[in-house]
Every structure is written in C-alpha cells, then in structure tokens.
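Using my numbering, you'd call the opening residue of the sequence shown number 2 and step up by one each time.
Beta carbons are placed, not taken as given, at the ideal position from N, Cα and C, and that holds for glycine.
Being a predicted model, the structure only gives us computed values, none of them experimental.
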Amino acid sequence: MAGKVIITCAVTGGHGNFAKVPDFPITPEQIARDCLAARAAGAAIVHIHVRDPKTGQHSGELELFREVVGRVRDSGSDVLINLTTGWGGRFVPGSENPQIGGPGTNLALPERRLLHIVDLRPDICTLDVGTLNFGEQIFVGFPPHIREMASVMRDIGVKPELECFELGHIGQAKSLIDAGLVEEPPMFQLCLGIPNAAPATPETLTAMRAMLPANATWAAFAVGRACFDMVAQAASAGGHVRVGLEDNLYMAPGEFATNEKLVGRAARIIDNLGGSVATPAEAAAIIGLKR
Numbered sequence: 002m003a004g005k006v007i008i009t010c011a012v013t014g015g016h017g018n019f020a021k022v023p024d025f026p027i028t029p030e031q032i033a034r035d036c037l038a039a040r041a042a043g044a045a046i047v048h049i050h051v052r053d054p055k056t057g058q059h060s061g062e063l064e065l066f067r068e069v070v071g072r073v074r075d076s077g078s079d080v081l082i083n084l085t086t087g088w089g090g091r092f093v094p095g096s097e098n099p100q101i102g103g104p105g106t107n108l109a110l111p112e113r114r115l116l117h118i119v120d121l122r123p124d125i126c127t128l129d130v131g132t133l134n135f136g137e138q139i140f141v142g143f144p145p146h147i148r149e150m151a152s153v154m155r156d157i158g159v160k161p162e163l164e165c166f167e168l169g170h171i172g173q174a175k176s177l178i179d180a181g182l183v184e185e186p187p188m189f190q191l192c193l194g195i196p197n198a199a200p201a202t203p204e205t206l207t208a209m210r211a212m213l214p215a216n217a218t219w220a221a222f223a224v225g226r227a228c229f230d231m232v233a234q235a236a237s238a239g240g241h242v243r244v245g246l247e248d249n250l251y252m253a254p255g256e257f258a259t260n261e262k263l264v265g266r267a268a269r270i271i272d273n274l275g276g277s278v279a280t281p282a283e284a285a286a287i288i289g290l291k292r
C-alpha cells in the first residue's frame, strides 16, 4: 500500500443509540466541536447530520445545519464539509394502512431534502442512489427523485458522494454518470454492514469495488464491530475510509468511542499499512473538487 488515504469522520448520524454514549454530539455547538476535534486527529472530511437539541432525534432543520456549518467555517478550519441529504428518505408502512407512512416516516420531496445544500453550498453532499431495507425501516431511493437531486447538485457545483448500500446501487449510480447528472471523476461511498443490507465482508467489498468506474474515487465503511477491519480492508485495496459515531460507538467492548479517538485509530491503521493520511487540500485534489 502506498499513497494518500482520505479519512472522513461521520460525526453524529441519525440513529437512535446516542443516549447511552457519554457526551454524544447533539447540539450544533457539540457537533461543530467534534468536527474540529476530528480534523485535529486526521480527518480531511467531516460528514454532518443534525439533531434536535431538545430530543436528540435526527432532524432536517435548516437553521441547525446553518449553525453547525457556520461554527466550523468561522473557526478557520480547512476541513472539507460533507452534508447529508439522508433526512427525508425514510418510510415505515402504517399498521392500519400500509400505503400511509407510520411512525418513523419522514419522506420528503427533493427540494426539501436539498434545502440546506442549496443554502450552504458545502464542498460535498451525500446522494443515496437506491432503495434498501435499513434495519426495520425502508430507505426510499425513487429514481426520478435521485435524478432531480443529482441535477441540482451538479448545477450548484456541490460534489455528490454516491452512497451505495447494495451492488445494484452502483448500477444506478453509473446511470447518473452516463446521463451527465454526475460530473467526473465520480466519488463513491460503499456502505456496509447495515442490518438487512450488504454485509461488511471482504467478499462484498471486492465485488462492489470491481463494479466501480475506472476513474472513480471511493471509500468504504462498516458499522459496528467491523468498523476498524473495514478501515484496513479499504485502505489496503486502494480506497479511502470513514469512521465516526454515526457508524460505531465503541473502541473496544465496553469502551465508548469519541470521534477524535475513532479518527486517531484509523490514522494509525493507515500508517501501519504504509500509507499516509491526506490533508483536506490533498483530499480535494484526489476527489476532483472545484474550490
């Protein structure tokens, strides 16, 4: 292994397991604090969700994104900002009428899901390119909506990170590239270990990597206990990596993680494999950002 490896830190996510973790980042101030700590530990990119400060639950509120991004930018940090567009994609069939969403549903139109992207113009934003069983919920990737979102991202100059949770999602992503909706070189994130989706195994990573366009930059992550195994596997295979409290709450059994510690261990794994951690400027060049 040689060359630069980009570390992305997924700082807070939208899962419901946050309450048991000491000092889990929930408020905009806490999320921004952890973004800066992750940068100091070696992350070149921070992937940001926001949460309701009162309840801790996943949110899509523009003002919360504005505060987090404003705090990070005002700090003078060079970290690359990657905002989620995942809020607005969940569906849970109602118990009485499955055609009507029940508790947990937050389906929203593309315009609503992109409100903070258009307003804040981050370096990168996620684009989930397919439907999947996301634990006990359904994450909906309706193709016309995906195309509309990709078109807006292209037109405002925000780099889409193509989130692929299954092999078929890579085919969908390629169709966006072929249609000119995603500018080249494309940026892929291989998302593994989600309950009821693609497993976090070397075989899965190998199969998904083999389907990527030749000029793609790619990263991979695994949720839970496979987190650090996937760091080593992705970096060894020529990819980039993602860690963070969105994906993994523990450093070891019974030892809660922090974003700073997760990034630090990922950096050590990369170093031990003979690679080196990319700076934000290097990461921007690798993924083809127009800054």
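DSSP three-state assignment for PRO203, whether helix, strand or coil: helix
Would you call the region 40 to 50 and the region 247 to 267 in contact, with 3 or more CB pairs under 8 Å? yes
Suppose you measure from the CA of GLU283 to the CA of ILE125; what does that come to, to the nearest Å? 15 Å
According to DSSP, ASP129 sits in a beta bridge with which residue or residues? GLU164
Per-residue burial, ASP248 [other beta carbons within 10 Å of its own, 16 or more giving buried]: buried
Three-state class that DSSP yields for PHE143 in the structure shown: coil
Go through its chain and collect everything with a Cβ distance to ARG148's Cβ below 8 Å, but skip five positions before and after it. LEU177, ALA180, LEU182
From the DSSP secondary-structure annotation, give me the bridge partner or partners of ARG226. Per DSSP, none; premise fails for ARG226.
Are LEU246 and ALA258 close, meaning C-beta to C-beta below 8 Å? yes
With 16 as the cutoff for other CB atoms within 10 Å, does ASP35 come out buried or exposed? buried
Measuring CB atoms only, is the region 76 to 95 touching the region 114 to 134, in the sense that at least three cross pairs come out at less than 8 Å? yes
Closest residue to PRO186 among LEU115, VAL242, ALA174 (Cα-Cα distance): ALA174
Could you tell me the alpha carbon to alpha carbon distance between ALA235 and ILE27, rounded to whole angstroms? 29 Å
Run the CB neighbour count on ASP129, radius 10 Å, all protein chains shown included, and call it buried at 16 or more, exposed below. buried
Apart from the five residues on each side of it in sequence, which residues of its chain come closer than 6 Å, Cβ to Cβ, to HIS146? PRO111
Under 8 Å between C-beta atoms of ILE270 and ILE7: no
Return the residue from the list ALA238, VAL244, ASN216, GLY240 that minimises the CA-CA distance to PHE229. VAL244
Rounded to whole angstroms, what's the CA-CA distance from LEU163 to ASN98? Just pull it up for me. 33 Å
CA-to-CA distance, VAL93 to ASN197, given in whole angstroms: 15 Å
What would DSSP say about PHE189, mapped onto helix, strand or coil? strand
Whether THR205 touches LEU193 by CB criterion (8 Å): yes
Which residues in the same chain as PRO23 place their Cβ atom closer than 7 Å to its Cβ, once the five residues preceding and following it in sequence are excluded? PHE257
Write down every uninterrupted run of the alpha helix (DSSP H) in the region 26 to 66 whose length is 4 residues or greater and which is fully enclosed by it, in chain order. 29 to 42
LEU133 to PRO144, Cα distance in whole Å? 13 Å
Give me whichever residues DSSP pairs with GLY102 in a beta bridge. PRO94
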